[in-house]
Amino acid sequence: MFSDQRLHDLNQPLLAEHQLQLSYLTDLLGRRGQDARDVVRQLVEFQVAIPSWALGTGGTRFGRYPLGGEPRTLEEKISDVAVLHQLNGSSNSISLHIPWDIPRDVPGLQQQLKAQGLHIDSVNSNTFQDQKDQPFSYKFGSLSHTEQAVRDQAVQHNIDCIRYGEQLGAKTHTVWLADGSNFPGQQHLRRAYLRTQESLAAIYEAMPSDWTMLIEYKPYEPHFYSMVIPDWGTSYSLCQSLGQNAQVLVDLGHHLPNTNIEQIVGRLLQFGRLGGFHFNGSMYGDDDLTTGSSKPFQLFLIFNELVDGARDQAVTNAAVAYMIDASHNTKDPLEDLLQSVDNILGAYAKALLVDRAALAEAQQANDVVRAEEILRDAFLLDVRPLVAEAYRQAGGALKPVAAYRSAGVRDQLIQQRGRLSVSTGL
Ligand SMILES: [Mn+2]
244 MFSDQRLHDL NQPLLAEHQL QLSYLTDLLG RRGQDARDVV RQLVEFQVAI
294 PSWALGTGGT RFGRYPLGGE PRTLEEKISD VAVLHQLNGS SNSISLHIPW
344 DIPRDVPGLQ QQLKAQGLHI DSVNSNTFQD QKDQPFSYKF GSLSHTEQAV
394 RDQAVQHNID CIRYGEQLGA KTHTVWLADG SNFPGQQHLR RAYLRTQESL
444 AAIYEAMPSD WTMLIEYKPY EPHFYSMVIP DWGTSYSLCQ SLGQNAQVLV
494 DLGHHLPNTN IEQIVGRLLQ FGRLGGFHFN GSMYGDDDLT TGSSKPFQLF
544 LIFNELVDGA RDQAVTNAAV AYMIDASHNT KDPLEDLLQS VDNILGAYAK
594 ALLVDRAALA EAQQANDVVR AEEILRDAFL LDVRPLVAEA YRQAGGALKP
644 VAAYRSAGVR DQLIQQRGRL SVSTGL
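Using the numbering used here, you'd call the opening residue of the sequence shown number 244 and step up by one each time.
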């Protein structure tokens, strides 16, 4: 949708001001002994996977307000992600949800992915709702269900997901388990865990040895008395019992209010079990809002842990999978995803600019104010010129949302796909 020439034309009027801001920031950082070009290089390399289920308007259980032009097929979802990647150069992969994204034309999809410079990063299973042709219901659980036949069905679904993923070159299987209970006494808490552990082991056994299984946790919803995997400790213990290729996935919206998520990130890095992120924004719970929209400082502190861990030779954690998991009821989903990636890159840039030697000194000396000031110095710096420069160097737009709007992408999608097209997803 965006040719190189088109992007060049969109950037041209913005270039003079961009260069002015970039050279000021480069000089300023240089005076502090920091290399802006090095930060930009790391931003260009940073990639965040886009969820196939976030390309249409999401909804709540009260309603949904589709805005038209939503992708109707997996091919159209990939082409939407390609638009994002053309604009920001930072969205080169897509997470699939099965059964919504079962690949039909595998060679065709492989060709499309290659042509657009994209790949499939992960497959996600779905046992949180019943499909119309399945023999057993998940109303009372899937991998943790009391009946072996239901567990077998859920295990087989997860294995099917892995097989679909293999066809498209994915290497990651993500399990978010909606199992739990709504009332005291409904479920035997320890037995539900043990049944889940046994089911996950069967899936893990069937997974290729170069794949990673990510186990996501969530404290409440859809169940409100207990969730079988409510917290990172439960995910971690399951990973420990499965093997080295099982890792914990941290979804930013899957914590109780005021949880110190950056500390969880630090712990998991220390234990070598941080497998990936689902980025989103949260005020209260699993809100699935734009990443970094209301708690940018928290996002920065999370990246601060990641950068600190990456620079510590004692940390041997494997590569972390960065993914967005969001759902948009009021925004154009593509604009929202561009904003999310922009906030993620900004938080990463700031974390890269923390003066770690000075911070370590202040921490050692118990200089509370100095330590906090060092973090504030990095957080309050306006790094947008660095992020814009990363977009430009990756061949994208200096201002992706503005470029998306001025090119009239949504109108074109509505013309191609219709005003009433509705995407599968949440
Ligand atoms: Mn998630």
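Backbone N, C-alpha and C fix where the C-beta goes; we use that ideal spot for every residue, glycine too. Predicted, not measured: the structure shown is a model, and the values here were computed from it.
From the listed residues Phe622, Asn560, Gly519, the smallest Cα separation to Asn547 is found for Phe622. Following the DSSP letters along the chain, one finds Thr477 inside the alpha helix (DSSP H) bounded by residues 475-485.
Counting along the chain, Tyr565 sits inside no alpha helix (DSSP H); it lies in the beta strand (DSSP E) bounded by residues 564-567. The C-alpha of Leu356 lies about 12 Å from the C-alpha of Val326. In the three-state DSSP reduction, Arg315 falls in the coil class, being neither helix nor strand. If only uninterrupted alpha helix (DSSP H) runs of at least 4 residues are considered, those enclosed by the region 580-618 are 599-607. Inclusion of Val558 and Gly519 in the CB contact set at 8 Å is not warranted, their separation being larger than that value. The Cβ neighbour count for Leu432, taken over all protein chains shown within 10 Å, is under 16; the residue is labelled exposed. By DSSP's assignment, Gln490 forms a beta bridge with Leu457. Around the beta carbon of Met526, fewer than 16 other beta carbons lie within 10 angstroms, which makes this residue exposed.
Pairing Val626 with Lys593 gives a Cβ-Cβ distance under 8 Å. In terms of side-chain proximity, the C-beta atom of Glu578 is found no nearer than 7 Å to any non-hydrogen atom of ligand 1. Under the three-state reduction of DSSP, His497 is assigned to coil, being neither helix nor strand. Contact between the region 439-454 and the region 390-403 is present: three or more C-beta pairs spanning the two stretches fall below 8 Å. Assignment of beta-bridge partners to Leu517 by DSSP yields Val491. Of Ala569, Ala292, Arg599, Val611, the smallest CA-CA separation from Thr303 is found for Ala569. Partner residues in the beta bridge of Asn367, as assigned by DSSP, are His340, Thr417. Take Gly311, set aside five residues on each side of it, and the residues of its chain with a beta-carbon closer than 8 Å to its own are Arg653, Leu656, Ile657, Arg660, Gly661, Arg662, Leu663, Ser664, in chain order.
For Leu532, the closest of Glu441, Leu485, Gln582 by C-alpha to C-alpha distance is Gln582. With a cut-off of 7 Å, the C-beta of Asp364 is classified as distant from ligand 1, since no heavy atom of the ligand falls inside that distance. Around the Cβ of Glu313, a 10 Å sphere holds 16 or more other Cβ atoms; the residue is buried.
For Ile345, there is no enclosing alpha helix (DSSP H), since its DSSP letter is neither H nor E. Using a cutoff of 7 Å, the CB of His571 does not count as near ligand 1, since none of the ligand's heavy atoms is closer than that. With 16 or more neighbouring CB atoms inside 10 Å of its own CB, Asn335 falls in the buried class. Distance from the C-beta of His328 to the nearest heavy atom of ligand 1 is not below 7 Å. For Ala292, the secondary structure class from DSSP, reduced to helix, strand or coil, is strand. For the pair Tyr634 and Gly332, the CB atoms are nearer than the 8 Å cut-off. With the rule of 3 Cβ pairs closer than 8 Å, the region 252-262 does not count as touching the region 289-309. Scanning Phe289, His498, Val349, Gln396 for the CA closest to the CA of Asn369 turns up Gln396. Placement of the Cβ of Trp419 at a distance of less than 7 Å from at least one heavy atom of ligand 1 is found.
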